[in-house]
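Peer 1: In my numbering, the protein residues as written are 40 to 388. This is the structure I have questions about; it appears just below.
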Amino acid sequence: MNKQQSLIEIRDFSFTYPTGENSAALKNINLVLEQGTLTILCGMSGSGKTTLLRHLKPELSPKGKGDGQINFAEDLINNRQNSKISFVMQNPSNQIVMDSVWHELAFGLENQGVMPEEIERRIAEIANFFGIESWIDKRVAELSGGEKQILNLASNMILQPNLLVLDEPTAQLDPIARRDFLQMLFYIHAETGTGIVLSEHNLDDLLENADQVVFLDQGKIDFRGTASGLANYLLLNNHPYQKALPVAARAGSLIMEDADGIPLSIKQGRDLLSKTFIERDNGSLTSLGAEQDKSLLINKIEEKYKNPDNSELRAESEKYATKIMQAERLWFRYSPDDNLVLKEADLQI
């Protein structure tokens, strides 16, 4: 397969659940997924992301009335048992079926009738690729949530799919586990050329790696294009979903004259700042135009947020003008049952 070969083509597809009456969950969807591309599917809760993703895996397609076409590449699905489409769900506990890591990796291959010698070889390869040799003999119950999702990903990739579909796979992971999972996903994409479709609410660390971004709103595709194009679209239209954009994109939009070239990562944000500020020997950042430029930046912030009390906003902006970040009274725990990691923490940088 070459990179530009279409894996799935969706044409004028609409779908209504049996209980949906006249309200369609998906409306006139047109989308092409190509071999080797990374597609990010995003949108507000209830926008139809999961419904669309499940239609990409015939075994998981929901019951209801569908109109239009979903065409699969001939070598993508030759039969349902030997599908070349893998699906990673949000909660790994709902997908893992065996009690040990080794047997979980072997499960899919055994169902496909792969010979034992080949199973052992592929498990050794996938364990090395994912760096999980140290817990290959562990019981699944001993794994953390992040490790379970890595196992879930590995047990799908051992089947050597052409398309990997992931439905909010990091939703239940802590920030460190999320970072590790995404790094592994990007590594898979770079090393294997597997086509990937990923839905996420949190777009941090995602957009800069995307080949295509699709934004769903109330079952319709409102935007399809590049990651920077999505940032432009959300910011220029003041869409509520702009809050899901990376911090660098939201902060960068405040000091840019236009929406072109909005930063999508911390590195890109720093590059933007280097064009706007001079870094002095002591490491502090000072505006090129000193007080005049600082005043212009404050005016842009006032205009952006339309605060009726501009004097109050100006005072707050000037108060924090020399600070990169300030946080006050932070409380945080990774899950409702965990101990608090932060208790009324204050931080200033």
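Quick reminder that beta carbons are idealized off the backbone N, C-alpha and C, glycines included.
#1: Given this structure, state the Cα-to-Cα distance separating P131 from K187, to the nearest angstrom.
#2: Report, in whole angstroms, the separation of the C-beta atoms of L95 and V253, which I expect to be a contact under 8 Å.
#3: What do you get for F371, buried or exposed, if any count of 16 or more other CB atoms within 10 angstroms of its CB means buried?
#4: Note the first and the last residue of the continuous beta strand (DSSP E) segment covering A366.
#5: Can you tell me whether E164 is helix, strand or coil according to DSSP?
#6: So Y205 is in the beta strand (DSSP E); what residue range does that whole segment cover?
#7: Note down, in chain order, each residue of its chain lying with its Cβ closer than 8 Å to the Cβ of G242, except the 5 sequence neighbours on either side.
#8: What three-state label does DSSP hand N271 in the structure shown?
#9: According to the Cβ coordinates, are I124 and F52 closer than 9 Å?
#10: For P155 and L144, I'd like the C-alpha separation in whole angstroms.
#11: Based on DSSP bridge pairs, tell me the residues matched to Q387.
#12: Using the rule of at least 16 other Cβ atoms within 10 Å of the residue's Cβ for burial, across every protein chain shown, is P57 buried or exposed?
#13: Where do the ends of the alpha helix (DSSP H) carrying G184 lie?
#14: Kindly confirm or deny that the stretch 212–224 and the stretch 180–194 touch, where touching means at least three C-beta pairs closer than 8 Å.
#15: Beta carbon of I68, beta carbon of I49: below 9 Å?
#16: For Q108, does the three-state DSSP call read helix, strand or coil?
#17: What's the call for E164, buried or exposed, on a 16-neighbour Cβ count within 10 Å?
#18: Since K104 contacts K259 with CB under 8 Å, what's their CB separation in whole angstroms?
#19: Please list, in chain order, all residues of the same chain as V140 whose beta carbon is under 8 Å from its beta carbon, the five residues on each side excluded.
#20: Can you tell me whether DSSP reads G103 as helix, strand or coil?
#21: Consult DSSP for D138 and reduce its assignment to one of helix, strand or coil.
#22: Among D256, G268, L203, which one has its Cα closest to the Cα of E73?
#23: Looking only at its chain, what residues have a beta carbon closer than 8 Å to the beta carbon of A10, apart from the 5 residues adjacent to it on each side?
#24: In the DSSP assignment, find the alpha helix (DSSP H) that holds I227 and state where it starts and stops.
#25: So the candidates are D385, D377, L381; which of them puts its Cα closest to the Cα of Q365?
#26: Contact defined as beta carbons within less than 8 Å: I believe D206 pairs with Q134. What is the distance between those atoms, to the nearest angstrom?
#27: If I measure Cβ to Cβ from F225 and keep anything under 7 Å in the same chain, skipping five residues before and after, which residues do I get?
#28: How big is the Cα-Cα spacing for P281 and G87?
#29: As an exercise, report each continuous beta strand (DSSP E) stretch of at least 3 residues that is fully enclosed by the stretch 45–69, in chain order.
#30: With distances taken Cα to Cα, identify the nearest neighbour of L122 among M137, P101, V136, Q151.
#31: Suppose the cutoff is 7 Å on Cβ atoms and the five residues either side in sequence are ignored; what does the same chain contact list for R93 look like?
#32: Check Q307 in the structure and name its three-state DSSP category.
#33: So which of G308, F220, T90, I197 has the shortest CA-CA distance to T231?
#34: Can you tell which of D256, R309, P200 has the C-alpha that lies nearest to the C-alpha of T233?
Peer 2: For this structure:
#1: Here the question's residue 131 lines up with position 92 in the sequence shown. Here the question's residue 187 lines up with position 148 in the sequence shown. P131 and K187: Cα-Cα distance of roughly 6 Å.
#2: Numbered from 1 along the sequence shown, position 56 holds the residue referred to as residue 95. Numbered from 1 along the sequence shown, position 214 holds the residue referred to as residue 253. That belief does not hold up - the Cβ atoms of L95 and V253 are roughly 12 Å apart, past 8 Å.
#3: Residue mapping note: residue 371 aligns to position 332 of the sequence shown, counting from 1. Exposed is the call here.
#4: Working through the sequence shown from its first residue, we reach residue 366 at position 327. Looking at the DSSP string, the run of the beta strand (DSSP E) that includes A366 is 365–371.
#5: Within the sequence shown, the letter at position 125 stands for residue 164. It is helical.
#6: Translated into positions along the sequence shown, residue 205 becomes position 166. In the sequence as presented, Tyr is not what sits at residue 205; that position holds Leu. In the DSSP assignment, L205 falls within the unbroken beta strand (DSSP E) covering 202–206.
#7: The count along the sequence shown starts at 1 and reaches residue 242 at position 203. Sequence check: residue 242 is Leu here, not Gly. If you ignore the 5 residues before and after L242, its C-beta comes within less than 8 Å of the C-beta of I79, C81, A283, L284, P285, all in its own chain and listed in chain order.
#8: Counted from its first residue, the sequence shown places residue 271 at position 232. Helix at N271.
#9: Taking the first residue of the sequence shown as position 1, residue 124 is located at position 85. Taking the first residue of the sequence shown as position 1, residue 52 is located at position 13. No, they are not a contact pair.
#10: In the sequence shown, counting from the first residue as 1, residue 155 sits at position 116. In the sequence shown, counting from the first residue as 1, residue 144 sits at position 105. Rounded to whole angstroms, the separation of the alpha carbons of L144 and P155 is 12 Å.
#11: As a first step, residue 387 is located in the sequence shown; it is residue number 348 there, counting from the start. Q365, per the DSSP bridge assignment.
#12: Translated into positions along the sequence shown, residue 57 becomes position 18. Exposed.
#13: Working through the sequence shown from its first residue, we reach residue 184 at position 145. Per DSSP, G184 is one residue of the alpha helix (DSSP H) stretching across 184–196.
#14: Look at the beta carbons and you see the stretch 212–224 touching the stretch 180–194: at least three pairs across the two are nearer than 8 Å.
#15: Taking the first residue of the sequence shown as position 1, residue 68 is located at position 29. Taking the first residue of the sequence shown as position 1, residue 49 is located at position 10. Yes, the Cβ-Cβ distance between I68 and I49 is below 9 Å.
#16: As a position in the sequence shown, residue 108 is number 69, starting the count at 1. DSSP places Q108 in strand when its eight states are reduced to three.
#17: The residue you call residue 164 lines up with position 125 of the sequence shown. It is exposed - the Cβ of E164 has fewer than 16 other Cβ atoms within 10 Å.
#18: Here residue 104 corresponds to residue number 65 of the sequence shown, with the count starting at 1. Here residue 259 corresponds to residue number 220 of the sequence shown, with the count starting at 1. Taking a contact as a CB-CB distance under 8 Å, the pair K104 and K259 does not count as one, their CB atoms being some 17 Å apart.
#19: For the purposes of this step, residue 140 is taken as residue 101 along the sequence shown, with counting starting at 1. The residues are I171, W174, I175, D176, K177, R178, V179, L182, L190.
#20: The sequence position of residue 103 within the sequence shown is 64, counting from 1. G103: coil per DSSP, three-state reduction.
#21: Reading the sequence shown from its first residue, position 99 is the one you call residue 138. Under the three-state reduction of DSSP, D138 is assigned to coil, being neither helix nor strand.
#22: Taking the sequence shown and counting its residues from 1, one reaches residue 73 at position 34. Nearest C-alpha to E73: L203.
#23: The requested residue 10 does not occur in the structure, where the chain is confined to residues 40 to 388.
#24: The count along the sequence shown starts at 1 and reaches residue 227 at position 188. That run of the alpha helix (DSSP H) goes 214–231.
#25: Here residue 365 refers to the residue found at position 326 of the sequence shown. The shortest C-alpha separation from Q365 is found at D385.
#26: Position 167 of the sequence shown, counted from the first residue, corresponds to residue 206. Position 95 of the sequence shown, counted from the first residue, corresponds to residue 134. With a Cβ gap of about 10 Å, D206 and Q134 do not count as contacting.
#27: As a first step, residue 225 is located in the sequence shown; it is residue number 186 there, counting from the start. Excluding sequence neighbours, F225 sits near N248.
#28: Here residue 281 refers to the residue found at position 242 of the sequence shown. Here residue 87 refers to the residue found at position 48 of the sequence shown. The sequence given here has Gln at residue 281, not Pro. The straight-line gap from Cα to Cα measures roughly 18 Å.
#29: Runs found: 45–55.
#30: What you label residue 122 is simply residue 83 of the sequence shown in a count that begins at 1. Leu is not the amino acid found at residue 122; the sequence shown has Ser there. Out of M137, P101, V136, Q151, Q151 has the C-alpha closest to the C-alpha of S122.
#31: What you label residue 93 is simply residue 54 of the sequence shown in a count that begins at 1. So the qualifying residues of the chain are L99, S100, P101.
#32: One-based indexing of the sequence shown puts residue 307 at position 268. Three-state DSSP puts Q307 in a helix.
#33: Here residue 231 corresponds to residue number 192 of the sequence shown, with the count starting at 1. Of G308, F220, T90, I197, the residue nearest in Cα terms is I197.
#34: Within the sequence shown, residue 233 is the residue found at index 194, counting from 1. Selected option, being the one with the closest Cα: P200.
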